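Quick notes on the structure that follows.
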Amino acid sequence: MRIAQQFFLTLTNLLANEHYSGQVNSAPLDENIILRSATFHQVIPIIDLFSPTLKTLFPMLSERFWQTVHAYSLANHGFLMAVEQLLATLDSTCRSAGIEYRLFKGAVLAHQVYPQPQYRTFGDIDLLVRPNDLPRLEQLLLAMDFEICDDLYHSFPLSIVQKYNFARHYQHRQPPEIPVDVHLNLTGKLHPFQFNGQDFWQNSSQITITGRNYPTFKLEYQAIAGLYHAFKHYYFKLIWLCDLYLLLQQPKLNWDLLLALIDKYRLTRLWQYFNYLSVPLFGKAFEPVKPPFRPTQRLISVEQVLNGFTRLNASQARMVLPLLYHPDWKVKFQYIWRQLLPPREVISAFYGDNSVHPTLMNYLRNRRQALTALFKL
């Protein structure tokens, strides 16, 4: 294993056990590679947290490297304070308008499972609202000087976003230009794994952030959402695995409920693979580790996770991994059919390019191009 990968393995093991005693590595490191990878994995503040130990274990890293890490960590702390101010404004706005929401993912986990919230880097605020409330919330966000982000869903009308439970992305125009992602469910309707949104709404709790209470989900529901989120993004970022590990360490977590939810939502194989990755990353597993499917082990290894990629590109991973992980062959067939021939109304080219008319011929031409790219394995 390369020295850069060993650095991040040491970091994750320190997060799991601050008394972890790794080996001293005196080999030269490319500090730019470390910083780029740490930025991608969103773990620079965690590096700063464990800098005294890491300086001892990796003595070849320069003082300039550690100054850069500390400066980044301070900037993240400033961003966190800006997020907390915006959260208070969003909460007041939603309450005044009678819009029920749930706060989840990074903003919650930063305050709930990390030693201090500034050690968890995140780039946006994630809210769950009911589909019928999205038009009103969008108008409120636009009035608060947000704009719709120019992304895959930018050109979709609200009716399509609501119909398929897509997320809608907004960004504040004023510095620090904080994004807000509005979700209508934990998974879109075209995803292979489906959560019962009402189940989540009924299992809510509160979290206190800078003296203000915000609605979120119970720990067990956050855990299965985190488990699926890491899988959905192909385990590219360490921070998602760190989130899940720290969440599973919470003393108030009800393990019987968590395991029942994993079984209910058919996440057993995802859970097994997380435990497989957890041993090298965190030094322990939460249940006996079962060897993963050989194709999965070849496609996703610890080394590839640390590098931030798998052997598959995003389109290939979106097709192949659910076929390996989902236990129901009927669902697999339905999913691959949706991927090969998705509804014409969700092909973004029909909305994003005025020169492309939503005809059947253009649809088939679009699918041929997509499948050509997909099967370039």
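Just remember that this note's numbering sits 360 ahead of the position in the sequence shown, which is counted from 1. Think of the CB as a built atom: it goes at the ideal place given N, C-alpha and C, for glycine as much as any other residue. Since the model is a prediction, treat every value here as computed from it, not as a measurement.
Residue i burial status per 10 Å Cβ neighbour count (16 or more: buried)
i	result
His529	buried
Leu737	With a pLDDT of 46 at Leu737, under the threshold of 50, the modelled position of that residue is not reliable, and the figure given next carries that caveat. Classification for Leu737: exposed.
Ala620	exposed
Ala431	exposed
Glu580	buried
Asn492	exposed
Phe367	buried
Ile393	exposed
Range of the contiguous beta strand (DSSP E) that encloses residue i
i	result
Glu423	No beta strand (DSSP E) contains Glu423, which is instead part of the alpha helix (DSSP H) from Glu423 to Ala457.
Arg528	Arg528 to His532
Arg462	Tyr461 to Phe464
Leu487	Ile485 to Val489
Straight-line gap, residue i to residue j (C-alpha atoms, nearest Å)
i	j	result
Ser433	Ile538	17 Å
Pro611	Pro517	44 Å
Leu450	Gln402	25 Å
Asp511	Leu546	19 Å
Phe560	His379	36 Å
Tyr723	Asn714	14 Å
Thr568	Pro718	48 Å
Val489	Val429	36 Å
Leu463	Gln365	33 Å
Leu601	Trp689	28 Å
CB-CB length for residue i against residue j, believed under 8 Å
i	j	result
Val468	Thr570	So it is not a contact: roughly 13 Å between Cβ atoms.
Asp505	His543	Not confirmed; about 21 Å, so no contact.
Met679	Gln699	5 Å
Pro552	His686	5 Å
Delimiting residues of the alpha helix (DSSP H) encompassing residue i
i	result
Asp616	Trp615 to Lys624
Glu498	Leu494 to Ala503
Asp510	Careful: Asp510 lies outside any alpha helix (DSSP H) and carries neither H nor E.
Lys523	Leu518 to Tyr524
Ala364	Ile363 to Ala376
Lys415	Ser411 to Leu417
Asn385	No alpha helix (DSSP H) contains Asn385, which DSSP labels as neither H nor E.
Val639	Thr628 to Phe642
Ala645	Premise fails: Ala645 is in no alpha helix (DSSP H) and is neither H nor E.
What runs of the beta strand (DSSP E), each 3 residues or longer, lie entirely inside the segment 536–587? 539–543, 564–569 and 572–577
Would you mind listing the alpha helix (DSSP H) stretches within the segment 655–720 that are 4+ residues and don't spill past its ends, in chain order? 662–667, 674–685, 689–700 and 709–712
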